[in-house]
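Trainee: Chains as they are written, first to last, in our numbering: chain A, 1 to 149; chain B, 150 to 456.
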Amino acid sequence: MLILFSALKANAPGPAHTSTLYIYSQALPFHDLQTLVYHVATFSLASLLVLEISLGVLLIARWRPRLVLGVAIGALVVFSIALGALILDKSAPSCGCSGALRLADDARTENTIALGRNLLLIAACVWLRRHAHGANSPARRQDPLLDSP
Amino acid sequence: MMDHRPSRKTLFTVGAIVALSTAALFLFYKRMSPTAPEHITTLSKLAATHFESASYTKIADTGALREALLAQAPITTPDVVLDNAIHESLVSAIVTLLDIRARSNADEYAAWMRQRDYTLSDRSALPQHRQRLGRYYYLNPEAPLGDRWEVFDASFVAELRDGVLGNSRPVGITKAADGIEIQYGVLRDSASFEDAFMPIMVDLIQSAALPDNPSQWTWTPEIGRLHWYMSNSYSGVPHWTPPDTLEKLIDRYSEVLCAKALIVIMNSSNRAIPTMFSFYYDQARETWNLLYMFYTNTDAVQGGPEF
Numbered sequence: 001m002l003i004l005f006s007a008l009k010a011n012a013p014g015p016a017h018t019s020t021l022y023i024y025s026q027a028l029p030f031h032d033l034q035t036l037v038y039h040v041a042t043f044s045l046a047s048l049l050v051l052e053i054s055l056g057v058l059l060i061a062r063w064r065p066r067l068v069l070g071v072a073i074g075a076l077v078v079f080s081i082a083l084g085a086l087i088l089d090k091s092a093p094s095c096g097c098s099g100a101l102r103l104a105d106d107a108r109t110e111n112t113i114a115l116g117r118n119l120l121l122i123a124a125c126v127w128l129r130r131h132a133h134g135a136n137s138p139a140r141r142q143d144p145l146l147d148s149p
Numbered sequence: 150m151m152d153h154r155p156s157r158k159t160l161f162t163v164g165a166i167v168a169l170s171t172a173a174l175f176l177f178y179k180r181m182s183p184t185a186p187e188h189i190t191t192l193s194k195l196a197a198t199h200f201e202s203a204s205y206t207k208i209a210d211t212g213a214l215r216e217a218l219l220a221q222a223p224i225t226t227p228d229v230v231l232d233n234a235i236h237e238s239l240v241s242a243i244v245t246l247l248d249i250r251a252r253s254n255a256d257e258y259a260a261w262m263r264q265r266d267y268t269l270s271d272r273s274a275l276p277q278h279r280q281r282l283g284r285y286y287y288l289n290p291e292a293p294l295g296d297r298w299e300v301f302d303a304s305f306v307a308e309l310r311d312g313v314l315g316n317s318r319p320v321g322i323t324k325a326a327d328g329i330e331i332q333y334g335v336l337r338d339s340a341s342f343e344d345a346f347m348p349i350m351v352d353l354i355q356s357a358a359l360p361d362n363p364s365q366w367t368w369t370p371e372i373g374r375l376h377w378y379m380s381n382s383y384s385g386v387p388h389w390t391p392p393d394t395l396e397k398l399i400d401r402y403s404e405v406l407c408a409k410a411l412i413v414i415m416n417s418s419n420r421a422i423p424t425m426f427s428f429y430y431d432q433a434r435e436t437w438n439l440l441y442m443f444y445t446n447t448d449a450v451q452g453g454p455e456f
């Protein structure tokens with residue numbers, strides 16, 4: 001899912017770039033910093049794509065699942081807070097989480113759907129983390145699948 | 150002894166992350182900066198090389214600017230008998246317009262507009278034009294639209310400031326012979342401004358014979374005329390409405406004198422910005438009304454003019 005959403009954003013970065021720019025412009029409302037804000041927003045979005053792909057691949061590969069799931073939960077919580085802020089702001093744009101794919105007609109509903117999806121993912125990650133075994137735990141050493149080279 | 154070589158699984162995982170990230174970033178940056186068709190980019194590069202190697206007349210010296218426009222601009226008038234005083238008044242309007250834009254002073258621009266009985270255009274149309282509302286609103290796409298003056302002020306000043314979307318503050322006009330042209334046409338029974346220039350367009354298109362492959366193009370007088378039309382262009386949203394619109398004047402007089410000024414302006418980074426100004430003449434007020442402004446065929450800016 002993380003890889004899919006990263007691909008959707010890479011293919012149509014406009015909406016996600018707009019919302020990133022919006023968040024930074026609200027945080028740094030200085031005209032003289034517009035160039036800096038634009039570049040920081042672009043770089044942040046590019047970094048987000050790499051983060052989503054890395055987490056997705058690491059989860060599929062089951063590399064240190066407890067650690068990766070912990071990072072994924074942290075990232076999803078941060079994104080959920082940002083989505084919450086966008087939902088509270090009536091003039092905020094859509095988060096653009098799914099690129100050009102629109103899940104609702106208005107930005108607020110779309111952001112709410114994205115927040116709901118994030119909460120489900122957080123719940124799934126928490127559940128998986130509870131049942132995942134650390135890289136060095138005895139259970140892991142006994143699991144032939146996790147030990148495969 | 151422990152084997153510290155990475156396992157095949159680790160190599161596969163790292164390889165997958167690097168490959169997928171590279172593909173995503175390549176796609177992301179490609180989509181963030183779409184490229185124009187080859188003939189457009191070729192024309193843009195040829196125009197930049199040609200005009201940026203020429204010297205220019207400084208806009209700050211308005212006397213020299215006026216002289217340059219009067220002396221240097223070829224006048225194309227297929228079916229117009231032109232009164233020299235009317236031509237000079239057009240040149241004066243262009244000089245004032247460029248001079249105020251060079252100083253990027255929104256108050257001064259507004260004073261010039263109000264002096265000619267222009268009013269700020271209807272605010273209700275703004276939200277639907279939001280994506281074209283200049284750099285301020287491009288960079289702050291969801292910023293609340295303030296009152297009509299705030300929108301104009303923010304857009305005008307942001308456009309003429311050197312920023313991420315380019316630098317369109319003019320400091321000069323080119324001295325290259327094919328960098329300036331003033332065309333006149335008469336509009337009769339039609340509100341489509343371009344109809345006034347159809348004879349010029351037809352002549353230009355009929356005489357055009359370029360190699361099919363843009364990589365074989367070099368700068369020629371023919372390219373010098375064509376590059377104004379075969380190009381990417383950026384148009385802005387007019388902020389001001391003249392006392393009499395083009396449609397009203399056509400209804401009143403049946404025919405209206407129109408003009409296009411094609412001027413390569415130079416910005417403070419010595420980048421060429423071919424700029425097209427469209428005017429129509431109000432004979433009762435003896436003024437030229439600015440209808441459109443376009444930046445064409447340049448990669449020095451990525452947004453339309455605010456006017």
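For every residue, glycine included, the Cβ atom is placed at its ideal position computed from N, Cα and C.
In whole angstroms, what is the alpha-carbon distance linking E237 of chain B and P223 of chain B?
Mentor: The straight-line gap from Cα to Cα measures roughly 13 Å.
Trainee: Examine chain A for any beta-carbon lying closer than 7 Å to the beta-carbon of F177 of chain B, and answer yes or no.
Mentor: Chain A, which has a Cβ nearer than 7 Å to the Cβ of F177 of chain B, makes this yes.
Trainee: Skipping 5 residues on each side, what residues in its chain have a beta carbon closer than 8 Å to that of N111 of chain A?
Mentor: Here the set comprises L83, L86, I87, A92, S94, C95.
Trainee: Among A:K90, A:I53, A:D89, which one has its Cα closest to the Cα of A72 of chain A?
Mentor: The shortest C-alpha separation from A72 of chain A is found at A:I53.
Trainee: Might you give, ordered along the chain, the residues of its own chain that have their beta carbon closer than 8 Å to the beta carbon of I322 of chain B, omitting 5 neighbours on each side?
Mentor: For I322 of chain B, where only same-chain residues beyond five positions count, the Cβ hits under 8 Å are Y205, T206, I208, L214, A217, L218, L247, G328, I329, I412, V413, I414, M415.
Trainee: Check for me: the beta strand (DSSP E) holding P423 of chain B runs from which residue to which?
Mentor: That run of the beta strand (DSSP E) goes 421-431.
Trainee: For chain A, find out if any of its Cβ atoms is closer than 7 Å to the Cβ of A255 of chain B; answer yes or no.
Mentor: Answer no: the Cβ-Cβ gap between A255 of chain B and chain A never drops below 7 Å.
Trainee: Apart from the five residues on each side of it in sequence, which residues of its chain come closer than 7 Å, Cβ to Cβ, to V306 of chain B?
Mentor: The answer, listed in chain order, is S253, A255.
Trainee: Please report the residue range of the alpha helix (DSSP H) in which P15 of chain A lies.
Mentor: Here the alpha helix (DSSP H) through P15 of chain A covers 14-27.
Trainee: In whole angstroms, give me the CA-to-CA distance for L49 of chain A and A132 of chain A.
Mentor: The alpha-carbon atoms of L49 of chain A and A132 of chain A are separated by roughly 25 Å.
Trainee: Beta carbon of L309 of chain B, beta carbon of R318 of chain B: below 7 Å?
Mentor: Closer than 7 Å, so yes.
Trainee: By alpha-carbon positions, which one of B:F177, B:A196, B:M181, B:R180 ends up nearest to A325 of chain B?
Mentor: Looking at the Cα atoms, B:A196 is the closest of the given residues.
Trainee: Where in the segment 305-373 of chain B do unbroken runs of the beta strand (DSSP E), each at least 3 residues long, occur, reported from the N-terminal end onward?
Mentor: Here the runs fully enclosed are 319-323, 329-337.
Trainee: Rounded C-beta distance between D393 of chain B and D344 of chain B? I'm assuming under 8 Å.
Mentor: In fact, because the Cβ distance is near 19 Å, the residues do not count as touching under 8 Å.
Trainee: Where does N381 of chain B sit, in a helix, a strand or coil, going by DSSP?
Mentor: If DSSP states are grouped into helix, strand and coil, N381 of chain B belongs with coil.
Trainee: Cβ of F342 of chain B within 7 Å of Cβ of S427 of chain B?
Mentor: Their beta carbons are under 7 Å apart, which means F342 of chain B touches S427 of chain B by this criterion.
Trainee: Confirm, please, whether the CB-CB distance from L45 of chain A to T20 of chain A is below 7 Å.
Mentor: Result yes, Cβ atoms of T20 of chain A and L45 of chain A sit closer than 7 Å.
Trainee: Figure out for me which residue from A:G56, A:L69, A:M1 has the closest Cα to the Cα of A165 of chain B.
Mentor: The candidate whose alpha carbon is nearest that of A165 of chain B is A:G56.
Trainee: Return yes when the Cβ of Y333 of chain B is within less than 7 Å of the Cβ of T226 of chain B, no when it is not.
Mentor: A contact, by the Cβ cut-off of 7 Å.
Trainee: In this structure, how does DSSP classify C125 of chain A when only helix, strand and coil are distinguished?
Mentor: In this structure, C125 of chain A counts as helix in the three-state DSSP scheme.
Trainee: Would you give the residue range spanned by the alpha helix (DSSP H) that N233 of chain B belongs to?
Mentor: Element bounds for N233 of chain B: 233-252.
Trainee: Give me, in chain order, the residues of the same chain whose beta-carbon lies closer than 8 Å to that of I249 of chain B; leave out the 5 immediate sequence neighbours on both sides.
Mentor: So the qualifying residues of the chain are E257, Y258, W261.
Trainee: Grab me the residues of N316 of chain B's own chain with a C-beta within less than 6 Å of its C-beta, minus the 5 sequence neighbours each way, in chain order.
Mentor: Once the five neighbours on either side are set aside, the close Cβ partners of N316 of chain B are N416, S418.
Trainee: DSSP three-state label for I412 of chain B, please.
Mentor: The answer is strand: DSSP assigns I412 of chain B an E or B state.
Trainee: Given this structure, state the Cα-to-Cα distance separating L192 of chain B from M350 of chain B, to the nearest angstrom.
Mentor: Cα to Cα, L192 of chain B sits roughly 18 Å from M350 of chain B.
Trainee: Looking only at its own chain, which residues have a Cβ that is under 6 Å from the Cβ of F200 of chain B, when we skip the five neighbours before and after it?
Mentor: Result list for F200 of chain B: T323, A325, G328, V413, A421, in chain order.
Trainee: Pairing CB atoms from the segment 434-454 of chain B with CB atoms from the segment 359-375 of chain B, are three or more of them under 8 Å?
Mentor: Counting Cβ pairs under 8 Å, fewer than three are found: no touch.
Trainee: Verify the contact flag: L406 of chain B, CB atom, against every heavy atom of the ligand NAD, threshold strictly below 6 Å.
Mentor: No copy of the ligand NAD occurs in the structure displayed, which carries no ligand at all.
Trainee: Please go through the segment 168-226 of chain B and give each complete beta strand (DSSP E) segment of 3 or more residues, from N-terminal end onward.
Mentor: The segment 168-226 of chain B contains these whole beta strand (DSSP E) runs: 205-207.
Trainee: With distances taken from CA atoms, which of B:P391, B:C407, B:A234, B:S202 is nearest L269 of chain B?
Mentor: It is B:P391 whose Cα lies nearest to the Cα of L269 of chain B.
Trainee: I want to see whether chain A comes within less than 7 Å of R318 of chain B, judged by CB atoms only; does it?
Mentor: No, because no Cβ of chain A sits closer than 7 Å to the Cβ of R318 of chain B.
Trainee: Between S118 of chain B and chain A, is the shortest Cβ-Cβ distance under 7 Å, so that the two count as touching?
Mentor: For residue 118 of chain B there is no data in the structure shown, the boundaries of chain B being 150 and 456.
Trainee: Is the beta carbon of A408 of chain B sitting closer than 7 Å to the one on L169 of chain B?
Mentor: No, the Cβ-Cβ distance between A408 of chain B and L169 of chain B is not below 7 Å.
Trainee: Under a three-way DSSP split, which group does M442 of chain B fall into?
Mentor: Looking at M442 of chain B - three-state DSSP - the assignment turns out to be strand.
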